[in-house]
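Asker: Everything in the sequence shown is counted per the numbering used here, starting at -4 for the first residue and increasing by one.
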Amino acid sequence: MLPTTMHSAEVIVTARHIAGWPQERNSLVPADCWGSAQRMVLRLPALKRAVPVCRSLARSWLDGQRIHDEDTRYLVLLVLSELFTNAVQHSAGTRITCRIGRSENLLHIEVHDRGGTPSVPRMRRPDQWQEHGRGLELVARSSSRWGRRIEADSGCTVWAAVPLAAGVRHGVAP
-4 MLPTTMHSAE
6 VIVTARHIAG
16 WPQERNSLVP
26 ADCWGSAQRM
36 VLRLPALKRA
46 VPVCRSLARS
56 WLDGQRIHDE
66 DTRYLVLLVL
76 SELFTNAVQH
86 SAGTRITCRI
96 GRSENLLHIE
106 VHDRGGTPSV
116 PRMRRPDQWQ
126 EHGRGLELVA
136 RSSSRWGRRI
146 EADSGCTVWA
156 AVPLAAGVRH
166 GVAP
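1. From ARG136 to LEU72, what does the alpha carbon distance come to, in whole angstroms?
2. Report the option in SER138, ARG109, LEU159 whose CA atom is closest to the CA atom of ALA147.
3. Is it a yes or a no for the segment 4 to 17 touching the segment 61 to 78, going by three-plus beta-carbon pairs under 8 Å?
4. Do THR67 and ALA160 come within 8 Å of each other at the CB atom, strictly closer than that value?
5. Closest by CA to HIS107, which one among VAL83, ARG44, GLY30?
6. Locate the beta strand (DSSP E) running through HIS103, then write down its first and last residues.
7. Under 8 Å by Cβ, that's how I've got ARG143 and VAL134 pegged, so tell me the actual separation to the nearest angstrom.
8. Under 7 Å Cβ to Cβ from PRO158, same chain only, skipping five residues before and after it: list those, please.
9. CA-CA distance, PRO169 and ARG34?
10. Leaving out five residues before and five after ARG54 in sequence, what residues of the same chain have Cβ atoms less than 8 Å from its Cβ?
11. By DSSP, does SER76 sit in helix, in strand, or in coil?
12. Here's the rule: buried if 16 or more other CB atoms are within 10 angstroms of the residue's CB, otherwise exposed. What is ALA155?
13. Where ALA10 and SER98 are concerned, what is the direct C-alpha to C-alpha distance, given to the nearest angstrom?
14. Beta-carbon within less than 6 Å of LEU57's beta-carbon, same chain only, minus the 5 sequence neighbours each way: which residues are those?
15. Secondary structure at ILE7, three-state DSSP: helix, strand or coil?
16. With DSSP collapsed to three states, give me the class of VAL48.
17. Ends of the beta strand (DSSP E) at LEU39?
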């Protein structure tokens, strides 16, 4: 779980922003907001076309945090994409909240949906012929730990912790 005492930057994305992406990006995100924000909070509509927008904003936050290690970036973006896509596909909610924060050795990723369906995310073991069902397995293999919790609002939060690579500077970027 992400520490709550971190300085965070919050971005609220609408369907209109997504339709006009990437031109809408500059109206949403001040150029200097990522460097001092140890945590990023994104609120996006539960749309498949919001996945690349979420990744783009996360990539910018990683840049602002000076996390340039390609392996770390790849894992963070993979985990975030899988969790966000699962929330879009398996939730009846209209909004999804994504949080990414850093601690000394980890990047913490949380994706929260408003629920509305009786399904609880769980890892499946699809056979080789099935095209879907491997997302949480990818999350488990790409993170040091992951989990899920049902929230008071009947929503679900799925989280993962991705290790920071050796050589990545700790603390907030100047």
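By construction, the Cβ of each residue, glycine as well, lies at the ideal position given by its N, Cα and C atoms.
Answerer: Let's see:
1. Between ARG136 and LEU72, the C-alpha separation is close to 14 Å.
2. Measuring C-alpha to C-alpha distances from ALA147 to each of SER138, ARG109, LEU159 identifies ARG109 as the nearest.
3. Segments in contact, no.
4. In this structure, ALA160 places its C-beta atom within 8 Å of the C-beta atom of THR67.
5. Residue VAL83 is the option with its Cα nearest to HIS107.
6. Run containing HIS103: 101 to 108, per the beta strand (DSSP E) assignment.
7. Rounded, the Cβ-Cβ distance is 10 Å, inconsistent with contact.
8. In chain order, ASN100, LEU101, SER139 place their CB closer than 7 Å to the CB of PRO158, counting only its own chain and leaving out the 5 sequence neighbours on each side.
9. Confidence at PRO169 is low in this model, with a pLDDT of 34, below 50, so its placement is unreliable and the value that follows should be read with caution. Between PRO169 and ARG34, the C-alpha separation is close to 15 Å.
10. Answer for ARG54: ARG68, LEU72, listed in chain order.
11. In this structure, SER76 counts as helix in the three-state DSSP scheme.
12. Classification for ALA155: buried.
13. Cα to Cα, ALA10 sits roughly 32 Å from SER98.
14. Once the five neighbours on either side are set aside, the close Cβ partners of LEU57 are ARG68.
15. Residue state, collapsed to three classes: strand.
16. DSSP places VAL48 in helix when its eight states are reduced to three.
17. Taken as a continuous stretch (DSSP letters only), the beta strand (DSSP E) holding LEU39 covers 34 to 40.
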